[in-house]
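Asks: Under my numbering, think of the first position of the sequence shown as 1, with each following residue one higher. The C-beta atom is built at its ideal place from N, Cα and C for all residues, glycine as well. The structure displayed is predicted, hence computed values, not measured ones. Mind looking over this structure? Questions follow.
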Amino acid sequence: MAGFAALKDVSNAFEEEIRRDSSQLFTTKVGENFEDGVVKKMRDMSLFTSKLRLLKAKPLASTPQITEEDKANVMKHYEETATWTNIEQQTVKSVTQAHALRILMTTADSDLNPEMIDRKEKIKDQLDKWRSLETQLRQHSTILQEKHDEYMMKLAQYDKELGALKDIKASADDDTEEIDSNGPLYQKLRTMVNKMELMRVTISKLVTARTGSYDWLTDPHRRYAALKLSRQANTVEGFLRDHN
């Protein structure tokens, strides 16, 4: 019992010391050494808190609830505690830095030493760069959205025109109207086909002429391709069938 009483007294003493240091931390006057004072107080608070937790943990570690607890649950609780502790530390750090930055930026240059003025100017430069980058990002986002909308509009127009072309082709395939063989277009087509047929016969004669010394293995003049074309007869009906 005497040990627990001593532990209680030590804990109360540490708690009182932590409260006193905390009150001093939050009532520290802002000056040239504000950040150093905050860092020192935070370091002292962390040290005292660790000592207090250690003193409290020793008697609790021997209780049945601790000794009989599953290892997995212990690790889970430890991870949760470590996570929240890290979040708490980062939050305190962020709030402290934000407070120090606000004080620095709102303090007149005449009340600052050259080192703090230089730091203040660097912070202003970084803020200006950040604002410029943020403006460029908004502009790029706007342009990207406009280009995306334009692309979707063009895609819809393409789909619409493609559907119209398919409908025209389908209606043309279903059209059973006979072509007027006496019409001017039919006569022009017949004249063109006749010329193509004449050219086919001429090509056939040119290809087969003087072939005694021609190297058909290498075929430097591509006569095989010409012979293939010369064997395909040209007719009006075939032309209409192939291009319908």
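#1: Please work out which residues of its chain come closer than 8 Å, Cβ to Cβ, to residue 109, disregarding the five sequence neighbours upstream and downstream, and give them in chain order.
#2: Would you identify the three-state DSSP class for residue 12, choosing helix, strand or coil?
#3: Please name the residue in 156, 203, 235 and 131 whose C-alpha comes closest to that of residue 228.
#4: Suppose you measure from the CA of residue 236 to the CA of residue 188; what does that come to, to the nearest Å?
#5: Within its chain, find whatever has a CB closer than 7 Å to the CB of residue 96; leave out the 5 residues flanking it on each side and keep chain order.
#6: If you measure from the CB of residue 45, is any heavy atom of the ligand NAD nearer than 7 Å?
#7: What alpha helix (DSSP H) runs, 4 residues minimum, are completely inside the stretch 50-122?
#8: Is the beta carbon of residue 14 less than 8 Å from the beta carbon of residue 51?
#9: Less than 8 Å between the beta carbons of residue 123 and residue 152, yes or no?
#10: Where does residue 231 sit, in a helix, a strand or coil, going by DSSP?
#11: Just tell me which of 76, 183, 11 and 191 has its CA closest to the CA of residue 53.
#12: Rounded to a whole number of angstroms, what is the C-alpha to C-alpha distance between residue 113 and residue 35?
Replies: Looking at the coordinates:
#1: For this step, residue 109 is matched to residue 109 along the sequence shown. Cβ neighbours of residue 109 beyond the five flanking positions: 117 and 120.
#2: Within the sequence shown, the letter at position 12 stands for residue 12. Here residue 12 sits in helix by DSSP.
#3: As a first step, residue 228 must be located in the sequence shown, where it is residue number 228. With distances taken between Cα atoms, residue 228 lies closest to 203.
#4: Taking the first residue of the sequence shown as 1, we reach residue 236 at position 236. Taking the first residue of the sequence shown as 1, we reach residue 188 at position 188. Cα to Cα, the separation comes out at about 10 Å.
#5: Numbered from 1 along the sequence shown, position 96 holds the residue referred to as residue 96. Result list for residue 96: 38, in chain order.
#6: Ligands are entirely absent from the displayed structure, and the ligand NAD is therefore not among its contents.
#7: 64-67 and 71-106
#8: The residue given as residue 14 occupies position 14 in the sequence shown. The residue given as residue 51 occupies position 51 in the sequence shown. Result yes, Cβ atoms of residue 14 and residue 51 sit closer than 8 Å.
#9: On the sequence shown, residue 123 is found 123 positions in, with the first residue counted as 1. On the sequence shown, residue 152 is found 152 positions in, with the first residue counted as 1. Contact flag unset, no.
#10: Here residue 231 refers to the residue found at position 231 of the sequence shown. In this structure, residue 231 counts as coil in the three-state DSSP scheme.
#11: For the purposes of this step, residue 53 is taken as the residue at position 53 of the sequence shown. When only C-alpha atoms are compared, the closest one is 11.
#12: Within the sequence shown, the letter at position 113 stands for residue 113. Within the sequence shown, the letter at position 35 stands for residue 35. Computed Cα separation, rounded: 14 Å.
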